[in-house]
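Protein chains in written order, with my numbering: chain A, 208 to 393; chain B, 181 to 610. A virtual CB, placed ideally from N, CA and C, is assigned to each residue, including glycine. What you are looking at is a predicted structure, and each value in this text was computed from that prediction instead of being measured. Here is the structure we will look at, set down as structure tokens.
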């Protein structure tokens with residue numbers, strides 16, 4: 208009986224139009240790359256990110272908690288269940304680091320800043336991740352720079368985010384150095 | 181190929197068919213060449229067709245996918261307005277099909293001229309026949325010169341380029357702008373709806389003005405429009421004024437902008453009220469589906485292809501799907517991103533049908549960026565769903581860049597426009 212109920216529920220859900228995770232997620236690839244591996248540079252790679260982190264970010268876009276140029280407009284088109292499906296899809300894809308030469312001197316300076324102020328959450332040179340800290344190692348530097356500059360420019364409204372107080376005091380050159388460092392880590 | 185070697189490869193292919201490891205490594209198509217699960221032919225290797233071919237292979241590696249494209253390389257229309265401004269060269273918009281070949285897609289250089297929906301094959305210009313179980317067409321648009329007296333395809337190639345397919349006409353228009361004297365007039369004739377890339381003519385005006393403002397600042401860009409309104413209009417008009425003062429002037433249909441004829445000798449455009457002389461004329465004609473669709477009974481009286489909007493299967497011929505600019509896709513605009521999104525929905529529907537499954541519930545997105553100055557980008561986004569068989573916008577989602585966005589936001593939208601381009605072309609060609 209339970210099985211029949213479940214089966215009929217599944218059937219009616221299909222009739223209402225449940226869209227598969229792949230169907231939903233393929234629409235992201237035009238900007239974030241096939242399976243979420245970005246071809247650069249201002250667009251972040253989202254493949255292989257922590258599912259909880261992706262859910263949080265996408266819902267924050269939808270609810271305008273996290274300001275954006277375009278992501279809020281897009282995420283308002285999806286239910287919370289669909290957002291969870293999209294997050295699962297990308298969390299299950301393999302992370303792909305960028306492959307291009309990085310300014311070694313800047314990356315070295317970035318590492319010093321990272322060790323002092325960032326490593327406690329972005330562990331293992333930015334390879335570590337959880338629902339509150341995204342992976343940074345191998346991410347596109349221009350995106351990291353943009354994200355840090357945006358948080359700093361927002362000031363108060365960004366401060367609720369973990370680590371934001373440390374972002375507020377970064378100089379332009381320090382942000383650049385961090386962006387080069389994280390991109391250099393694969 | 182030597183027949184005994186062919187048999188040998190065939191038996192290896194069958195032996196390996198159950199091995200996930202082999203298919204993950206991308207076993208060459210030839211290993212399965214003897215008995216494909218189904219043959220899907222995709223015609224047209226642009227924003228729609230390249231994606232449909234790739235996502236068919238991703239959806240079901242056992243399919244034999246053939247992509248037929250008449251040109252050896254593809255030149256992207258998106259960002260080609262920057263070529264007119266001298267901001268980028270056309271090589272940066274040019275791609276080949278090797279990445280798709282590496283995915284096991286058979287890429288054929290041929291121009292399809294005939295479709296036989298009964299016997300299910302298409303025929304190339306030289307007579308080659310390609311059999312299909314399912315056919316996907318992404319043929320793009322064709323131009324209807326007949327509504328403008330004196331205009332012709334020959335004149336578009338030689339003197340009044342539309343440059344609405346990126347390539348030689350883009351370079352011709354660039355040359356004409358370079359040769360134009362300071363104080364000259366560049367006229368853009370904008371087409372009636374529906375047409376490829378609704379914001380395109382208005383981004384083009386900005387890009388041409390960007391070039392002229394640096395090199396020929398006394399010149400004008402006149403837009404003569406068959407319409408009284410256009411995409412992202414408020415954002416465009418504010419940006420034109422901000423960056424180019426009164427260099428760009430828009431003449432809507434209601435003010436006599438609907439061009440009816442052209443006199444090539446005097447370089448004059450004839451409107452219903454008055455005539456307009458110009459030094460460079462970029463005449464973008466009214467559009468309809470590509471000749472391939474028109475000539476093969478795939479369009480209705482509107483000149484576009486009616487399709488089942490869940491699967492993009494033609495409502496006129498079964499087992500033929502039409503995606504991209506040629507298709508009537510409900511609320512979706514005719515854009516590169518729309519074609520990308522439709523290509524994926526169509527590929528998944530075709531793979532499902534071949535595997536005896538029902539058509540998946542579709543999801544579609546559009547995003548279009550326009551670059552109006554080196555530090556000024558704007559965008560429009562749309563999120564779509566299927567309701568009662570029609571593609572409709574999801575209420576509350578999508579829309580335009582904010583009218584009051586600050587300079588930093590405008591500048592980052594240019595970076596996102598370039599990132600959009602890098603990713604959507606990588607999605608197509610790698």
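Asked, Found
"Quick one: is residue 559 (chain B) buried, meaning 16 or more other Cβ sit within 10 Å of its Cβ, or exposed?", "buried"
"Around the C-beta of residue 475 (chain B), are 16 or more other C-beta atoms found within 10 angstroms, so that it is buried, or is it exposed?", "exposed"
"Please list the residues of the segment 334-368 of chain A that have a C-beta atom closer than 9 Å to any C-beta atom in chain B, keeping them in chain order.", "347, 349, 350, 353, 356, 357 and 360"
"Which whole runs of the alpha helix (DSSP H) in the segment 433-488 of chain B are 4 residues long or more, in chain order?", "471-475"
"What runs of the alpha helix (DSSP H), each 4 residues or longer, lie entirely inside the segment 365-432 of chain B?", "380-395 and 413-424"
"Verify the CB distance criterion: does residue 330 (chain B) have a CB-CB separation below 8 Å to chain A?", "no"
"Please name the residues in the segment 365-380 of chain B whose beta-carbon is closer than 7 Å to at least one beta-carbon of chain A, in chain order.", "none"
"When you compare only the Cα positions, how much space is there between residue 260 (chain B) and residue 357 (chain B)?", "15 Å"
"Considering only the beta carbon of each residue, do residue 511 (chain B) and residue 564 (chain B) sit closer than 8 Å?", "yes"
"Looking at C-beta atoms only, is the number of pairs between the segment 482-491 of chain B and the segment 528-546 of chain B that lie closer than 8 Å three or more?", "yes"
"If you draw a straight line from the C-alpha of residue 212 (chain B) to the C-alpha of residue 311 (chain B), how long is it?", "With a pLDDT of 48 at residue 212 (chain B), under the threshold of 50, the modelled position of this residue cannot be trusted, and the question is left open."
"Cβ of residue 242 (chain B) less than 8 Å from any chain A Cβ?", "no"
"Quick one: Cα of residue 390 (chain A) to Cα of residue 257 (chain A), how far?", "18 Å"
"Please check if any C-beta of chain B sits within less than 8 Å of the C-beta of residue 248 (chain A).", "yes"
"Would you call the CB atoms of residue 277 (chain A) and residue 561 (chain B) closer than 8 Å?", "yes"
"Would you call the CB atoms of residue 600 (chain B) and residue 235 (chain A) closer than 8 Å?", "no"
"Assuming residue 522 (chain B) and residue 503 (chain B) form a contact by the criterion Cβ under 8 Å, report the distance between their Cβ atoms to the nearest whole angstrom.", "4 Å"
"Expressed to the nearest angstrom, what Euclidean distance is found between the alpha-carbon atoms of residue 302 (chain B) and residue 385 (chain B)?", "40 Å"
"In angstroms, rounded to a whole number, what distance separates the CA positions of residue 470 (chain B) and residue 341 (chain A)?", "46 Å"
"Quick one: is residue 322 (chain B) near chain A, going by C-beta distance under 8 Å?", "no"
"Nearest by alpha-carbon distance to residue 263 (chain A): which of A:323, A:392, A:230 and A:279 is it?", "A:279"
"List the residues of chain B whose Cβ lies closer than 7 Å to the Cβ of residue 377 (chain A), in chain order.", "None at all; the shortest Cβ gap to chain B is about 17 Å."
"Enumerated in chain order, which unbroken segments of the beta strand (DSSP E) with a length of 3 residues or greater are wholly contained in the segment 540-606 of chain B?", "544-553, 556-567 and 570-573"
"So, under 8 Å CB-CB, residue 514 (chain B) and residue 376 (chain B) are touching, yes? Tell me the CB distance rounded to an integer number of Å.", "5 Å"
"Give me the Cα-Cα distance between residue 239 (chain B) and residue 245 (chain B), rounded to the nearest whole angstrom.", "11 Å"
"Could you give the first and the last residue of the continuous beta strand (DSSP E) run that contains residue 315 (chain B)?", "314-317"
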